[in-house]
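Novice:
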Amino acid sequence: MAKIALIADVHEDVVSLKRALKMIEAERCDQIICLGDILGYPIARGRYKDTRNATECIALIKSHCFAVLLGNHDCFHLKRIPEYRNGFKFPAGWFGLLPDQQTDVSANKVWNYTDDYPVALNETDIEYLSNQPEMISREYGGRKILFSHFLYPNFSAYISSFNGGSIKLNDHFRYLSQQGYDLSICGHMHMEGVGISYGPGENLLSKIFQGFIYYSYGERKLKNKSCCVTIPALADNHQVNGFAILNTADFSLNVLSLNINRRFIL
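For the sequence shown, the working numbering gives the first residue as 12, with consecutive numbering after it.
1. Could you give the distance in angstroms between the alpha-carbon of R185 and the alpha-carbon of F106?
2. So within the region 166-211, which uninterrupted beta strand (DSSP E) runs reach at least 3 residues, ignoring any that extend past its ends?
3. For N258, write down the residues that DSSP places opposite it in a beta bridge.
4. Please tell me whether F158 and I170 are closer than 8 Å, where the distance is taken between their beta carbons.
5. With distance defined between alpha-carbon atoms, name the residue in Y228, F99, P53 and D48 nearest to A118.
6. Quick one: is R39 buried, meaning 16 or more other Cβ sit within 10 Å of its Cβ, or exposed?
7. Hey, G51 and H75: beta-carbon distance below 8 Å or not?
8. Go ahead and label I35 buried or exposed: buried means 16 or more other beta carbons lie within 10 angstroms of its beta carbon, across all protein chains shown.
9. Please name the residue in A246, I242, K232 and T241 whose C-alpha comes closest to that of N258.
10. In the DSSP assignment, find the beta strand (DSSP E) that holds Y151 and state where it starts and stops.
11. With distances taken between CB atoms, is the gap from P53 to H88 smaller than 8 Å?
12. May I have the straight-line CA-CA distance separating Y124 from P110, to the nearest angstrom?
13. Taking the straight line between their C-alpha atoms, what separation do you get for I286 and I15?
14. Once DSSP output is grouped into helix, strand and coil, what is the label at I92?
15. To the nearest angstrom, report how far apart M200 and P164 are at their CA atoms.
16. What distance in whole Å lies between the Cβ atoms of S27 and G82, which are believed to be in contact at a cut-off of 8 Å?
17. Do you know offhand how far Y225's Cα is from D182's?
18. When the Cβ atoms of the region 245-256 are set against those of the region 138-157, are three or more pairs found closer than 8 Å?
19. Just reading off the alpha helix (DSSP H) that R30 is part of, what are its end residues?
20. Figure out for me which residue from L264, I207, I256 and F161 has the closest Cα to the Cα of F223.
21. Between the beta-carbon of L269 and the beta-carbon of R30, is there less than 8 Å?
Structure, rendered in structure tokens:
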């Protein structure tokens, strides 16, 4: 049994990352898993322009995290074509295209990332991140868990964005069933709290809603059923940011806010 700290969507916010690591240490977590998007400071939404530091974030994550995954912003800044592409075929010279050209070629199925500040990485950081996967599988407490930045068949979320309230998870749950997963945990969606969805037919809400049900920060126990969870962003992007801790003794999920002053009940 273990307490697994889960962080996602750091987006070069080293101040929030350091605060989260102190809280994680105080909670006596056994492992930390980073669910991607270490890179990518958002010009329009970021509150930390003067303190952002991609290199320091990478160093902290490298030294503290048991596992590190790649998200869509990581793939973009690394110029890495994702393994899981949701059927999209990247043309030759994709990263040589201008943003508007990428939008046209992909029929708006791929972000052009014009909202991101450029990031300068040294060769060591590039090599480290480039060797990280888009998803991993681990077993805790007899449950097989999939960790990723987003959902199958688009684990890095590089291909397209969705409104969380309208996400249909049928393909993802089908993949979980085929691969024998009991639980899936991802980031990417930047919600203020946690999103939880049980598999088709697992409960009344999953029959009515084909997406995530959103809950505020706090602790919730996950049912022993096929389940997908999405956690908040760590970065302070004009939202109530935070992280999560999975306790595999009882499969409770404690979602913690980094800014109590802006915390509210959904």
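We put the beta carbon where it would ideally sit given N, CA and C, even for glycine.
Specialist: With the structure as the only source:
1. Reading the sequence shown from its first residue, position 174 is the one you call residue 185. Reading the sequence shown from its first residue, position 95 is the one you call residue 106. Taking the straight line from one Cα to the other gives about 32 Å.
2. Fully enclosed beta strand (DSSP E) runs of 3 or longer: 194-197 and 205-209.
3. For the purposes of this step, residue 258 is identified with residue 247 of the sequence shown, where counting begins at 1. In DSSP, N258 forms a bridge with K14 and S263.
4. Reading the sequence shown from its first residue, position 147 is the one you call residue 158. Reading the sequence shown from its first residue, position 159 is the one you call residue 170. Against a cut-off of 8 Å, the Cβ pair of I170 and F158 comes out as no contact.
5. Working through the sequence shown from its first residue, we reach residue 118 at position 107. Ranked by Cα distance from A118, the first of Y228, F99, P53 and D48 is F99.
6. Sequence index remark: in the sequence shown, residue 39 carries index 28 (1-based). Under this definition R39 is an exposed residue.
7. Locating residue 51 in the sequence shown gives position 40, counting from the first residue. Locating residue 75 in the sequence shown gives position 64, counting from the first residue. No.
8. Start at 1 with the first residue of the sequence shown, and residue 35 comes out as number 24. So I35 counts as buried.
9. The sequence position of residue 258 within the sequence shown is 247, counting from 1. When only C-alpha atoms are compared, the closest one is K232.
10. In the sequence shown, residue 151 corresponds to position 140, counting from 1. Annotation for Y151: the continuous beta strand (DSSP E) segment containing it runs M146 to Y151.
11. As a working mapping, residue 53 is identified with position 42 in the sequence shown. As a working mapping, residue 88 is identified with position 77 in the sequence shown. For P53 and H88, no; Cβs fall outside 8 Å.
12. On the sequence shown, residue 124 is found 113 positions in, with the first residue counted as 1. On the sequence shown, residue 110 is found 99 positions in, with the first residue counted as 1. Inter-residue distance for Y124 and P110 is about 8 Å (C-alpha atoms, whole angstroms).
13. Any answer about residue 286 is impossible in this case: the structure gives the chain only from 12 up to 277.
14. Numbered from its first residue, the sequence shown carries residue 92 at position 81. Reduced to three states, the DSSP call for I92 is coil.
15. For the purposes of this step, residue 200 is taken as the residue at position 189 of the sequence shown. For the purposes of this step, residue 164 is taken as the residue at position 153 of the sequence shown. Cα-Cα distance, rounded: 16 Å.
16. As a position in the sequence shown, residue 82 is number 71, starting the count at 1. As a position in the sequence shown, residue 27 is number 16, starting the count at 1. Cβ atoms of G82 and S27 stay farther apart than 8 Å, at about 16 Å.
17. Locating residue 225 in the sequence shown gives position 214, counting from the first residue. Locating residue 182 in the sequence shown gives position 171, counting from the first residue. Between Y225 and D182, the C-alpha separation is close to 20 Å.
18. Short answer: they don't touch.
19. Here residue 30 refers to the residue found at position 19 when the sequence shown is read from its first residue. Counting along the chain, R30 sits inside the alpha helix (DSSP H) bounded by residues V25 to A37.
20. On the sequence shown, residue 223 is found 212 positions in, with the first residue counted as 1. Looking at L264, I207, I256 and F161, the one whose alpha-carbon comes closest to that of F223 is I207.
21. What you label residue 269 is simply residue 258 of the sequence shown in a count that begins at 1. What you label residue 30 is simply residue 19 of the sequence shown in a count that begins at 1. For the 8 Å CB-CB criterion, L269 and R30 form a contact.
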